[in-house]
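To convert, note that position 195 of the sequence shown is 195 in UniProt numbering; the numbers rise steadily by one, no gaps.
Written out below as structure tokens is the structure these notes cover.
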Amino acid sequence: MDWYSHPKAKVRAADWGKQDVAELKRKLITANHILHNQDVVDAYGHISVRHPQNRDVYIMSGYMAPALVKSSDDLIEYYVNDSSTVDPNAKKGYAERFIHGEMFRVYPEVNCVVHSHAEAVLPYVAADVRMMAVFHMAGFLGSEVPVFDVGQIYQPGDQQDMLIRNTRLGTALAKYFSRNPHQEAPSLDHTVVLMKRHGYTTHGVDIETAVYRAIYTKINAGVQSNALLIGNVRNSEHPGSSPSALPKPMSQKMLEDCETMNEGTQDKPWALWVAEVENNSLYVNKG
1 MDWYSHPKAK VRAADWGKQD VAELKRKLIT ANHILHNQDV VDAYGHISVR HPQNRDVYIM
61 SGYMAPALVK SSDDLIEYYV NDSSTVDPNA KKGYAERFIH GEMFRVYPEV NCVVHSHAEA
121 VLPYVAADVR MMAVFHMAGF LGSEVPVFDV GQIYQPGDQQ DMLIRNTRLG TALAKYFSRN
181 PHQEAPSLDH TVVLMKRHGY TTHGVDIETA VYRAIYTKIN AGVQSNALLI GNVRNSEHPG
241 SSPSALPKPM SQKMLEDCET MNEGTQDKPW ALWVAEVENN SLYVNKG
């Protein structure tokens with residue numbers, strides 16, 4: 001059996017409550033910087049973590065660009081049940097904090113959430129072309145990447161700017177991660193959900209997992225788009241070739257084994273990403 005065939009996901013989840021809060025906040029700041037450095041977020045987008053000693057609270061940056069988050073003073077604690085601030089006098093936060101709060105509320109196993117508008121992914125939320133895992137580093141995407149359309153659930157009086165502005169919209173998005181959304185305790189079946197005309201959301205049992213998924217979802221989208229372009233060129237040059245330029249999907253066994261490999265080796269890119277932001281003067285982390 002390969003050395004990475006037993007990913008540490010369950011161990012990491014079990015140890016979540018044993019973490020030092022100050023160190024976790026420092027890692028959250030680093031994660032903000034990594035996501036910016038990897039072009040997953042720009043001035044927009046966000047990452048959150050569940051509080052290790054209080055599972056009914058989550059932590060994320062206040063209203064600012066992720067690259068500029070630099071200390072614990074820039075972070076805000078929210079209650080999971082309604083995404084209200086723990087401190088009634090807290091500074092301004094993100095309007096879309098409900099993405100995070102509802103993911104934590106619906107799925108107890110989730111400890112980190114990332115929301116992104118990465119440019120490479122946007123064609124797949126603007127056009128009716130399904131995203132699929134097209135290479136081994138994105139096996140975590142599985143056999144289906146659902147597309148959530150908030151436009152289908154707007155009610156009269158809703159501000160229709162595509163943002164997830166309240167718990168109702170946040171719950172609807174969170175349940176798209178399940179194949180059984182109407183169950184009392186929905187199962188967590190998908191790692192990534194695309195958001196029509198908006199972006200995508202992913203999660204993890206820890207920061208490293210969620211960041212890995214956010215980054216490689218973006219990379220996979222770029223690879224798939226290039227594959228589609230090459231396929232169309234081939235079809236135009238060889239009229240008798242297959243009419244479909246879509247990449248061929250991986251088998252279920254391939255997807256499962258690639259996901260195991262992804263989870264078992266994500267510590268390697270994490271160490272690189274940390275070193276990159278720690279050696280870039282744009283990013284300041286005072287913990």
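Virtual Cβ for every residue (Gly too), placed ideally from N, Cα, C.
Which of the three DSSP states, helix, strand or coil, is assigned to residue i?
{"i": "Tyr44", "result": "coil"}
{"i": "Ile99", "result": "helix"}
{"i": "Arg50", "result": "strand"}
{"i": "Glu259", "result": "helix"}
{"i": "Ile153", "result": "coil"}
{"i": "Ile164", "result": "coil"}
{"i": "Ser61", "result": "strand"}
{"i": "Val134", "result": "coil"}
{"i": "Met195", "result": "strand"}
{"i": "Gly142", "result": "coil"}
{"i": "Met250", "result": "coil"}
{"i": "Asn279", "result": "coil"}
{"i": "His33", "result": "helix"}
{"i": "Gly287", "result": "coil"}
Taking the Cβ atom as the reference point for each residue, do residue i and residue j lie within a distance shorter than 9 Å?
{"i": "Tyr63", "j": "Lys91", "result": "yes"}
{"i": "Ala221", "j": "Tyr124", "result": "yes"}
{"i": "His117", "j": "Val150", "result": "no"}
{"i": "Asn262", "j": "Ala138", "result": "yes"}
{"i": "Gly93", "j": "Met60", "result": "yes"}
{"i": "Arg213", "j": "Val192", "result": "yes"}
{"i": "Gln38", "j": "Trp270", "result": "no"}
{"i": "Asn111", "j": "Val69", "result": "no"}
{"i": "Pro52", "j": "Val106", "result": "no"}
{"i": "Ala133", "j": "Cys258", "result": "yes"}
{"i": "Arg165", "j": "Glu96", "result": "yes"}
{"i": "Asp82", "j": "Thr201", "result": "no"}
Using the DSSP secondary-structure output, state which residues sit across from residue i in a beta bridge.
{"i": "Tyr94", "result": "Its beta-bridge partners do not exist; DSSP assigns none."}
{"i": "Val113", "result": "Ser48, His203"}
{"i": "Thr85", "result": "Tyr78"}
{"i": "Val274", "result": "Partner(s): none; Val274 has no beta bridge."}
{"i": "Val148", "result": "It should be noted that the sequence gives Phe, not Val, for residue 148. Answer is Met195, bridged to Phe148."}
Taking residue i as the reference, which of the options has the closest Cα?
{"i": "Ala174", "options": "Gly101, Val69, Val57", "result": "Gly101"}
{"i": "Ile153", "options": "Val114, Gln38, Ile34, Thr171", "result": "Thr171"}
{"i": "Leu228", "options": "Lys248, Ile29, Ile215", "result": "Lys248"}
{"i": "Lys196", "options": "Leu188, Leu163, Asp74", "result": "Leu163"}
{"i": "Leu75", "options": "Asn54, Ile47, Glu96", "result": "Ile47"}
{"i": "Ala210", "options": "Asp267, Glu23, Glu256, Asn54", "result": "Asp267"}
{"i": "Ile230", "options": "Ala133, Thr201, Leu246", "result": "Leu246"}
{"i": "Asp206", "options": "Tyr44, Phe104, Pro66, Arg97", "result": "Phe104"}
{"i": "Asn280", "options": "Glu23, Ile34, Leu28", "result": "Ile34"}
Between residue i and residue j, which are expected to be in contact by the criterion C-beta below 8 Å, what is the C-beta distance as a whole number of angstroms?
{"i": "Val86", "j": "Val57", "result": "6 Å"}
{"i": "Ser72", "j": "Gly204", "result": "About 22 Å; that fails the 8 Å criterion."}
{"i": "Leu255", "j": "Ser143", "result": "6 Å"}
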